[in-house]
Structures are given as structure tokens and as C-alpha cells.
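This report refers to the structure that appears directly beneath it.
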Amino acid sequence: MPLQYKKNPADVVFLTTTAIAAFSVIIFIIGIFYILVYESSPAIGRFGLKFLTSTEWNPVKESFGALTNIYGTILTTVLSLLIAIPVAIGIAIFVTEISPNFLKAPIGAAIELLAAIPSIIYGMWGLFTLSPIMSKYVEPFLKEITAGIPFVNILFKGTPMGIDILTASVILSIMIIPFTASIARDSFNLTPSIVKESAYAIGATRWEVVKNIVIPFSKLGVFGGIVLSLGRAIGETMAVAFVLGNNHRITTSLLDAAATITVTLANEFAEADNDIYLSSLFYLALVLFVMSFITLAIAKIFLIKAERKYSR
Amino acid sequence: MKTILKLTVITALLLSFTYVNAAETLNGAGATFPYPVYSAWAYDYSKIAGVQLNYQSIGSGGGVKQISARTVDFGASDAPLETAALLKDKLLQFPAVIGGVVPVVNIENIKTGQLKLDSDTLCKIFLGDIKYWDDAQIVKMNNGIKLSHSDITVVYRSDGSGTTAIFTDYLNATCPAWKEKVGSGKAVQFPVGIGGKGNEGVANYVQRTANSIGYVEFAYAKQNKLNHTQLKNAAGNFIEPSFESFEDAAATGDFDPKKDFYLWLTNAPGKDSWPIAGATFILLAKEKADTNKKVVKFFDWAFKNGDNKAKELVYVPLPALLKDKVRAYWKEKGIY
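Read top to bottom, the protein sequences are chains L and X. This note's numbering runs 266 ahead of the 1-based position in the first sequence. This note's numbering runs 181 ahead of the 1-based position in the second sequence.
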């Protein structure tokens, strides 16, 4: 017979408040999903799934398609992750394994500050400071060194104007570095020092310790940090809006302007005055919602699989 | 705990004071373009009349939506509504102030006002049919100016805006190819070019990109000393954008009270008219006579006392005749 005890009233209050807090998240998500579907139903009825494959975005002719936006969103997200992940892991390795103690605190604080800067400030900084640098120095340089290489040179065709996918991705990557970096740092710190010390004791170099012990040990945590960055990169709006050029076309060059879902929403929501236009914007938001859901779900599956492998 | 209590009491007191002060408040929402002049007028008006104006610049589309839903006392829109649309939502409409759009360029060795364009070349440039600055059509119009064989970069507004609506309405009205391929509206699918966010985005892109052309509000071009072009107007004269040429456009434009002043002020017939002008409009809910009277009182005050302030901020006040027409319209609707 189980042990009988009187429930402490404080415990009950604690239990219910935390349960309400936890369930409210689910209710919010369902509520948002419902509103998105409800508001976009005219557009869903009119364009159906063709919305996802159509490249037309023409408010005058009331003909809308999401493909250019989806393309821009995926491209900037992937590019920014490609830039950000190595840098973030580099930062984390430096802070945990290499830097002298007196440097750890200031660098850590600087990373967290980077995360605290509002995105609109990144946007303005990108427009006025970064994009001239990109157009004057970085992009012509990239054009020059890739000029002779087939296929790669397609990526850098066109006039370098600094208002393009590349610049937007660079800004995005700066914005997401702190997420990956600080989580990677925390998980690196969790590596038991006894294991590291044993490795050093048998004569491993610093690089070997990082490569063979610290990184494998904290793979999961780092991956979690990357997923968090991914979520931020998909949804980032203002920073990108200023430097992407909002161009509803599919381009192969990274030096061309493009559009992302969030930027289109931010730019066009206030002035969308006919119903199908507004509804299409909601449809676009729904697409983004589903996209983020799918990417996060895939990431979660990977995490679970990795966890199983690891615990074996 | 005590400090928190104290803070709460103080905040509550402060809030109650602001509540008393805010007793007489007019709520408006809409177009971003006239926001600076409305808020400047409101500041002066509150000092003499004690009426606060709370204007949210959320965009013309938002302004129409808010007044249709009756959540504000007045809406504001850069794009006029046709009588049918006004009847449907039971709205009144009148113009408040005039603005305009000017093409701005960044071409080496070309000073402001030096380059001459007409509607056809402007249209072809924005369609991407004219690709180089030394195109025969441009050169023909600009005798004596050296234009190099360089690519034209077109810059447009990426966000939905009344500026784009006025600009594309002008191209629509003057250029059949534009009407057929693109059309007019607050956001359109531009065939070529890159999009900047807001007037500042377009201005920045044009200033930075050699051999570019874009369009911004007159006030913005003037304040930022951007290089504007001349344009050929409906009467066939080349015109520089100025207070006078905008006023001339407003004076010769046919604002008809019977149509609730519905008019796109593009391609006005006057011989000194700047061809791409536009009025920004105020929308009122028909049934709210009492608040309408207060709103009208404010604009009446602004019409009488606000012209200098408007000019300071590079807006063009309504011509006296049009103001009288608006007052007659108010009287007819029983709100003046």
C-alpha cells in the first residue's frame, strides 16, 4: 500500500501554476495556428497549393505566390548558418580551452551583449556601415577570385551593390553567433576536467583534446545551440529588411536582391488594403509557421537519435 | 515590498493625472507621409485649444481599415477613395495637404535639376527598356549634357507606400506600356531594380549607387539634398519640383466636392505644374457628427494658421480656393 500523506496546499498551488504556465504555451500555439488558417482561408481557397510553387507576387493583378519568399528565406538562413557556426564554435573553443582566465569574462559578456542588440540596430548598421564595405571591398574581391571558376562564378554575378543576399546573410550570421557561441561554451564547460586532464597526461596536444574529447562530448549541446540560431535566422525581419532589397525574383547570384517571408510581411502588411492581398500575407505567415515547425521537428528528431546513440 | 507599494501608488497617481489631461483627445491613424506636419500642427493646436491629437502613422491602408472599423476618430490616406467605397463604409473624405514625388538620380557630373526627362523616358527606364544613360531618347532631350554609356540602376520602394501609389499612378496615366505590364498601386511588381525600405532606404541606395535613379517624396529630396531631375508636364514644359510648381498642380487639379475630392493629382494640366503631385486625405465616419466637428475644427485651424509650419516641413499647403471648397463640403455635410 502506498504511503498516505496529506498534500501540502503550497504544493498544490505550485503544481497548478506551473501546469497552467506549461499548457498555456500549447494553447497559444494552437491559437496562432487557428488564426493564421482562418485569416488565410480566402487565399488558400483561391490559390491552393499552387501558392507554394508560384513565383508571382503582384498586388496590382492580385496574383500571389510564395516561392520567391520561401527561396529567399531558406537561402539567407542556410548561408548565415554556414558563416556563423564555425565562428561561434571557434569563439567557444577559445573561451573555454585556450584563452587566459582574465579574458574569459569580458569575451563572454561581449558575446551576450551581441545577443542583446535589437535587430533594427543591426539593420541600420548594415545599411549604413556594412553594406558600403561589402560593395566596395568584399564583393568585388569575391567576384575577382571566383571569376575563372565555373559554377562558382555564377554565385557572384552582377553588380556588387551591398544590398543583396550575401550582405543580409552576413548580418544574420552576426546576429545568431551569440546563441550558438554561448550554448557551445556552456556545453564545452561541462566536459569533465578529469577526462581532459587524462588526455593531457598521456601527451595529447590542445588541438587533439578539443577535437577528440571536448567536441564529441558536447556535440548535443552545440547542436541544440545551432537549432536555436536556425530558429532566429528563419524569423529575423528588421535586420534583413534594410539590406535585402525586397525583390520578388529567384536569382542564382548572391549579389542580387531577394525577399524573405518575414521581410515581405513587414514591408507590405500596413498597406495591404484589399482582402485577398491581406489574406495572402496571412497565408505567407502560415507557410513560415509550418516551415519553422518542420525544421525544428527535423532538428528534434536528429537530437533524439543522437541522444540514443550517445547513451548506448 | 514597501518600495514596490510606493511605486505602484505613485504610478497610479501619475496615470490618473494624464487621464485628466487626455480627456480631450482626437485619435487618428493612417498615412506615414503627412505624420510630421500633422504632429507639428497638433502641438501648436494643443497649446491654444487644449485638444490633444494622437496620430498613429501606420500607413494609408491601415488608416482606411481603422476608420472603417470605427476604432479611430479619423483616418488618413495618401490614396483617395472613390465615392462608391466611401458610401460602402459610410465615410467622408477631404484633402489636408499636398505632397509630391520627384525622381532623384546619381550620375557623375550631373547636378541637381540638370537632367531632363519626360514621362515616356521615365516609364521606359523603370520598365527596363532603356538600359543605358546615353540612350538616344535621353540624349535627344538633354542637348549639351555629357552622358556616359553606363548601366542604369533603378531603385524603388520595397514597402507598400503612398509614394509608390502616386508615382505608379503617374506612369499609368502617361504610359500605356506601363499600364499594361505593371499597373499602379501602393506596392507593384517592378520589372527591374532593387527595393529600398522607406524614403530613407531609397535615398541611401541612390546616393550610394553610381548611375542610379529612384523616386522619393519632395520633402525628402529637399532635406537630403538629393539630385532631382526636371520633368516635362502635360502642358509640354520642363518643370523643376518646387513649392510653386506643386501649388500650381494643386490649383489646376480638378478637386470635385461631389466626388468627395477623389483625385490623383498626377499630370495636372497647368503650364507650371509639377506632374507627379498628390494630396493626402482625411477620412471621417459619417455618423459621428460630434467628433467630426472637433476634427474639422482642428483642420480648419490648421488651414488658417498652419501654412508656414507646413512649408517649413516642406509640405505644400492647399491653395486658398481649395480650402474654401473643403469648408463648403464640411458645411454641406453639417459638420462645420
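Ideal Cβ positions, reconstructed from N, Cα and C, are used throughout, including at glycine.
Does residue i get closer than 8 Å to chain L when you measure Cβ to Cβ?
i: Lys-269(X); result: no
i: Thr-355(X); result: no
i: Lys-378(X); result: yes
i: Gln-370(X); result: yes
i: Thr-524(X); result: There is no way to answer for residue 524(X), as the model of chain X reaches only from 182 to 517.
i: Ile-375(X); result: yes
i: Val-383(X); result: no
i: Asp-350(X); result: no
i: Gly-341(X); result: yes
i: Thr-461(X); result: no
i: Tyr-386(X); result: yes
i: Ser-423(X); result: no
i: Gly-364(X); result: yes
i: Ala-203(X); result: No answer about Ala-203(X) holds up, because its pLDDT of 48 lies below 50 and its placement is not dependable.
i: Ile-360(X); result: The amino acid at residue 360(X) is misidentified as Ile; the sequence shows Lys. Answer no: the Cβ-Cβ gap between Lys-360(X) and chain L never drops below 8 Å.
i: Lys-467(X); result: no
i: Lys-485(X); result: no
i: Lys-312(X); result: no
i: Lys-504(X); result: no
i: Lys-514(X); result: no
i: Lys-367(X); result: yes
Count the other C-beta atoms from every protein chain shown that fall within 10 angstroms of the C-beta of residue i, then say buried if there are 16 or more, exposed otherwise.
i: Phe-484(X); result: buried
i: Leu-544(L); result: buried
i: Asn-486(X); result: exposed
i: Leu-496(L); result: buried
i: Glu-378(L); result: exposed
i: Arg-574(L); result: exposed
i: Ser-514(L); result: At residue 514(L) the sequence reads His, which differs from the Ser that was named. That one is buried.
i: Ser-397(L); result: buried
i: Pro-275(L); result: exposed
i: Asp-505(X); result: exposed
i: Thr-184(X); result: exposed
i: Phe-289(L); result: exposed
i: Pro-458(L); result: exposed
Round the Cβ separation of residue i and residue j to the nearest angstrom and send it over; I've been treating them as touching at under 8 Å.
i: Val-476(L); j: Ala-465(L); result: Not really, about 10 Å apart at Cβ, beyond 8 Å.
i: Leu-341(L); j: Ala-551(L); result: Not really, about 19 Å apart at Cβ, beyond 8 Å.
i: Val-232(X); j: Phe-479(X); result: 7 Å
i: Ala-447(L); j: Ile-357(L); result: 4 Å
i: Asp-259(X); j: Ala-346(X); result: 6 Å
i: Tyr-396(X); j: Phe-348(X); result: 5 Å
i: Ile-239(X); j: Ala-210(X); result: 5 Å
i: Gly-428(L); j: Ser-401(L); result: 3 Å
i: Gly-491(L); j: Phe-445(L); result: 6 Å
In chain order, what residues of the same chain have a beta carbon less than 7 Å from the beta carbon of residue i, not counting five sequence neighbours either side?
i: Asn-323(X); result: Leu-296, Lys-297
i: Arg-312(L); result: Ile-542
i: Glu-534(L); result: Leu-547
i: Ala-507(L); result: Gly-389, Val-529, Ala-532, Asn-533
i: Trp-222(X); result: Ala-483, Gly-487, Lys-490
i: Arg-338(X); result: Thr-344, Thr-345, Gly-376, Gly-377, Val-383
i: Thr-253(L); result: Here chain L comprises residues numbered 267 to 578, so residue 253(L) is not present and cannot be evaluated.
i: Leu-308(X); result: Ala-358, Trp-359, Lys-362, Pro-372
i: Leu-520(L); result: Leu-421, Phe-422, Asp-430, Ile-431, Leu-432
i: Val-253(X); result: Asn-208, Gly-209, Ala-210, Gln-247
i: Ala-350(L); result: Ser-439, Ile-442, Ile-443, Thr-446, Ser-495
With 8 Å set as the bound, which would you pick, yes or no: does the beta-carbon of residue i sit closer than that to a beta-carbon of chain X?
i: Ile-301(L); result: no
i: Ile-442(L); result: no
Using C-beta distances below 6 Å, list every residue in its chain close to residue i, excluding the 5 sequence neighbours before and after it, in chain order.
i: Pro-422(X); result: Val-283, Phe-399, His-409, Trp-455
i: Leu-345(L); result: Ser-435
i: Val-495(X); result: Ala-400, Lys-403
i: Leu-272(X); result: Leu-464
i: Arg-251(X); result: Ala-466
i: Thr-263(X); result: The identity of residue 263(X) in the sequence shown is Glu, whereas the question assumes Thr. Around Glu-263(X): Tyr-443.
For the ligand FMN, is there any heavy atom lying closer than 7 Å to the beta carbon of residue i?
i: Ile-457(X); result: Judged by which ligands are present, the structure shown has none, so any question about the ligand FMN falls away.
Which same chain residues, not among the five before or five after residue i, have their C-beta less than 8 Å away from its C-beta?
i: Val-218(X); result: Val-278, Gly-487, Lys-490, Ala-491, Leu-494, Tyr-496
i: Ala-309(L); result: Phe-317, Phe-330, Ile-542, Ser-545, Ser-546, Phe-548, Tyr-549
The stretch 233-255 of chain X: which residues have C-beta closer than 8 Å to a C-beta of chain L, in chain order?
Ile-239, Gly-240, Ser-241, Gly-242, Gly-243, Val-245, Lys-246
Please identify, using Cβ separations under 8 Å, the residues of the stretch 382-393 of chain L that lie next to chain X, in order along the chain.
Leu-393
Would you list, in chain order, the members of the stretch 523-542 of chain L that have their beta-carbon closer than 7 Å to a beta-carbon of chain X?
Ala-523, Asn-533, Glu-534, Ala-536, Glu-537, Ala-538, Asp-539
Interface positions of the stretch 304-332 of chain L facing chain X (Cβ-Cβ less than 8 Å), listed along the chain:
Glu-322, Trp-323, Asn-324, Pro-325, Val-326, Lys-327
Chain X contacts made by the stretch 506-525 of chain L, where a contact means CB separation under 7 Å
Ala-507, Phe-508, Gly-511, Asn-512, Asn-513, His-514, Ala-523
Residues within the stretch 417-447 of chain L neighbouring chain X, beta-carbon criterion of under 8 Å
Thr-425, Met-427, Gly-428, Ile-429
Members of the stretch 398-418 of chain L near chain X, C-beta cut-off 9 Å:
Pro-398, Ser-401
Anything in the stretch 389-408 of chain X with a Cβ closer than 7 Å to a Cβ of chain L? List those residues in chain order, please.
Arg-389, Thr-390
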